[in-house]
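Asks: Questions regarding the structure given below will be posed in turn.
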Amino acid sequence: MPPSRTPPKSPSALEFQERDRFDMDYGTNTTTPLAMSAFPDIPNVAHGKPYMASWTSEIERSFELLHASLGPRMPLYSFVDIGCGKGKVPIVWRLCGKKAGIHQRIVGLDYHRPFIDIARHNHQKVFGNEGEFVDTDACAFDYSRLGNGLIAYLYNPFDNVILDKTLTRLRRIPCIIVYNIPVHAEVLPAHGFELIHERRGVNQNQETKIYSNHRRPA
Ligand SMILES: C[S@@+](CC[C@H](N)C(=O)[O-])C[C@H]1O[C@@H](n2cnc3c(N)ncnc32)[C@H](O)[C@@H]1O
24 MPPSRTPPKS
34 PSALEFQERD
44 RFDMDYGTNT
54 TTPLAMSAFP
64 DIPNVAHGKP
74 YMASWTSEIE
84 RSFELLHASL
94 GPRMPLYSFV
104 DIGCGKGKVP
114 IVWRLCGKKA
124 GIHQRIVGLD
134 YHRPFIDIAR
144 HNHQKVFGNE
154 GEFVDTDACA
164 FDYSRLGNGL
174 IAYLYNPFDN
184 VILDKTLTRL
194 RRIPCIIVYN
204 IPVHAEVLPA
214 HGFELIHERR
224 GVNQNQETKI
234 YSNHRRPA
């Protein structure tokens, strides 16, 4: 077990291990939040949640679970972090993929352009290239561009209104959704998504629900 798997007792030590430590290890800028008041006039900003980075071990756990379940079919799925902020999730997902010897298309999208610039810079630091990050609103993006099989990651990015619109756009695509801090989980079944896994820990950042809209993943 890597050290990040043993939760330390104090909340601040846990916070350091799951957020700051990633930036210390990779020289990235993912931990510092950004006030939404700093956002320009983005149409759906009132529906959006503020930026916070996912916990490192929680991203790794979801990768390992899906890798174990999809096996050799994992690379058939593109991965998209919907509301990627500073790009930590695509970076951690790619690091997990490299370790497992898997090549997947990995994309991050966010409606706030400065996040996309920071995400590209962070990706450049870790992998020597900018990666694939798109400046777009989640409910305006054509997800079929990413292929016919998707793992979509959501870390509580927006409210039920935008979630509903985004899921409508995913309707015709075989899709697995990893929903971390799943506060609007009630929206998913109406879009044909079935719960296939759930877990929770002592902290809200350790609650994840995983859904699929197709019985046998592609
Ligand atoms: C809680 S943060 C998650 C950041 C990242 N996914 C992670 O886990 O480290 C939510 C992000 O969603 C973005 N967001 C909110 N509403 C959005 C929308 N309608 N379209 C695209 N991005 C959105 C915010 O700008 C913010 O960066």
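In this text, residue positions in the sequence shown follow the numbering used here: the first is 24, and each later residue adds one.
C-beta atoms are modelled at their ideal positions from N, C-alpha and C, and glycine is treated no differently.
1) Is there at least one non-hydrogen atom of ligand 1 closer than 7 Å to the beta-carbon of ASN52?
2) Could you spell out where the beta strand (DSSP E) holding PHE103 opens and where it closes?
3) Compute every distance between the C-beta of LEU132 and the non-hydrogen atoms of ligand 1, then say whether any falls below 7 Å.
4) If you check the beta carbons only, do HIS207 and ASN226 fall under 8 Å apart?
5) What does the alpha-carbon distance come out to for the pair LYS188 and PHE62?
6) Give the straight-line distance between the Cα atoms of ILE185 and ALA161, rounded to the nearest whole angstrom.
7) Whose C-beta lies closer than 7 Å to the C-beta of HIS135 among residues of the same chain, with five residues either side of it excluded?
8) Just list the beta strand (DSSP E) runs in the stretch 180-216, keeping only unbroken ones of 3 residues or longer that don't cross its boundaries, in chain order.
9) When you compare the CB positions of ILE196 and LEU177, do they come within less than 8 Å of one another, or not?
10) Any heavy atom of ligand 1 closer than 7 Å to the Cβ of SER77?
Replies: The relevant details are as follows:
1) Flag unset: Cβ of ASN52 not near ligand 1.
2) Just to set this straight, residue 103 is Val in the shown sequence, not Phe. First-last of the beta strand (DSSP E) with VAL103: 101-105.
3) yes
4) no
5) 22 Å
6) 8 Å
7) PHE62, ILE65
8) 198-203
9) no
10) yes
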